[in-house]
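What follows is a single structure, written as structure tokens, with notes after it.
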Amino acid sequence: MRVLSGIQPTGRFHWGNYFGAIAQYISMQGDPNNAFYFVADLHALTTVRDAQRLRKNVLDAALDLLGLGLDPAKATLFVQSEIPQVPQLTWLLMTVCPMGLLERCHAYKEKKARGLTADVGLFGYPVLMAADILIYDSDVVPVGEDQMQHIEVARDLAGSFNHLFGETFRLPKGSILDGSAKVPGLDGEKMSKSYGNTVECFEDLKAQRKKIMRIATDSRPMDQPKDPQTDNLFHLYANFANAEDLAEMDALYRRGGFGYGEVKKKLADAAEAFFAPARERRADYEAHLDTVRDILREGAKRASDKAEEVLQRAQLACGIR
Ligand code: TYM
């Protein structure tokens with residue numbers, strides 16, 4: 001079974017990325033031939049328009065992933081643009097992709113709804129993502145909830161291609177984690193860079209505390225019991241706490257008689273402790289950038305060998321070889 005996922009280097013990774021997706025990457029790694037993870041710089045081109053910044057973001061993304069626990073002995077880590085077979089396969093898939101399928105996709109729909117003009121890159125984004133997935137014969141794609149629609153597109157395109165040209169692609173399945181498929185941000189909406197409501201995994205600790213203190217809560221009096229399940233702050237805390245601490249917090253909410261400031265402090269302490277080993281590991285890699293570059297080079301080699309095999313299969317099937 002091959003696991004594959006990608007993440008855009010549009011900025012530093014946040015708690016939503018971590019608990020929704022990266023934590024799954026890490027728990028599913030094991031054999032580097034069967035766990036492929038990449039930094040999606042071609043996708044990031046639809047929003048990042050500064051060459052220096054994109055290059056820096058790609059390196060930061062690799063450092064973040066390694067720091068957070070991606071282990072090069074157990075997983076293949078690479079940069080999307082180093083696999084030229086991916087854009088080649090994208091074209092083949094475009095020729096079997098109905099316009100309507102992409103018109104229904106949310107990134108494009110949202111931009112249009114805001115009155116902005118989308119470029120062809122943003123419109124065709126899900127086809128590139130389908131190529132990313134199909135080109136490695138991926139079985140499982142760990143993601144947050146917002147990416148499930150795109151995995152459906154990949155399945156649809158694989159199905160259409162197979163129908164037209166014979167069995168070529170394996171049909172992938174998305175994997176989301178109950179409870180953290182949609183991590184809330186500081187304002188209670190989905191945590192997302194574009195909403196400005198994120199806390200980064202490697203946030204400066206002082207800034208992190210300040211942000212946590214800003215988390216939106218309701219204005220019910222302290223002594224009133226509260227339902228933890230409807231509280232954004234509780235949901236964030238749940239990601240970090242162990243079962244015992246969480247049960248204690250749950251009971252505190254139901255009993256009432258506490259201030260949200262107290263919970264925020266607990267969350268800040270828990271988050272700090274949780275990411276402390278990752279910070280250390282990241283700093284270590286940062287001091288050895290040559291090692292990071294070697295990891296990415298080896299990863300790209302392994303990934304492109306597999307990609308070449310599947311691309312050739314697709315080319316033969318549709319008659320261009
Ligand atoms: P991206 O870069 O926006 O996000 C990376 C991963 O983080 C998840 N995520 C969240 N999960 C839970 N709660 C949140 N608040 C939250 N915010 C982000 C995303 O669901 C995603 O899994 N198109 C993809 C990148 C991509 C890809 C691929 C993924 C390119 N090719 C192939 C899988 C397979 C994207 O923009 O993710």
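When we follow the numbering used here, the leftmost residue of the sequence shown carries the number 1, and every step to the right adds one. Where a beta carbon is used, it is the ideal one built from N, C-alpha and C, also for glycine.
> Would Phe36 pass as a contact of Ser138 if the rule is Cβ separation under 9 Å?
Replying inline: yes
> In or out: Ile320 buried (at least 16 other Cβ within 10 Å) or exposed?
Replying inline: exposed
>> Quick check on the DSSP output: what are the complete beta strand (DSSP E) runs of length 3 or more inside the region 136-168, in order along the chain?
In response: 140-142
> What's the C-alpha gap between Val292 and Asn239?
Replying inline: 29 Å
>> I need the straight-line Cα distance from Leu101 to Ala23, nearest angstrom please.
In response: 30 Å
>> Please identify the residue among Ala61, Asp269 and Lys74 whose C-alpha is closest to the C-alpha of Asp31.
In response: Lys74
>> Rounded to the nearest angstrom, what separates Pro228 and Tyr237 at their Cα positions?
In response: 10 Å
> Who are Glu189's beta bridge partners in DSSP?
Replying inline: Answer is none; Glu189 lacks a bridge partner.
>> Just verifying my parser: in three-state terms, what is the DSSP assignment at Ser304?
In response: helix
> Can you round the beta-carbon distance between Met222 and Phe275 to whole angstroms, since I take them to be within the 8 Å contact cut?
Replying inline: About 30 Å; that fails the 8 Å criterion.
> If you drop the 5 nearest sequence neighbours on each side, which residues of the same chain put their C-beta closer than 8 Å to that of Cys105?
Replying inline: Tyr125, Pro126, Gln149, His150 and Val153
>> Taking 8 Å as the cut-off, is the C-beta of Pro84 nearer than that to any heavy atom in the ligand TYM?
In response: no
>> Nearer than 8 Å: is that true of the beta carbon of Ser5 relative to any heavy atom of the ligand TYM?
In response: yes
> Looking at the unbroken alpha helix (DSSP H) that takes in Ser27, where does it start and where does it end?
Replying inline: Ala23 to Met28
> Taking the C-alpha atoms as reference points, what is the distance between Arg55 and Gly299?
Replying inline: 18 Å
> Going by other Cβ atoms of all chains shown within 10 Å of its Cβ, with 16 needed for buried, is Gln312 buried or exposed?
Replying inline: exposed
> Residues in its own chain within less than 7 Å of Asp156 by CB, not counting five upstream and five downstream?
Replying inline: Leu101
>> I'd like the list of long-range same chain contacts for Arg255, defined as Cβ closer than 8 Å, with 5 residues on each side in sequence excluded.
In response: Pro225
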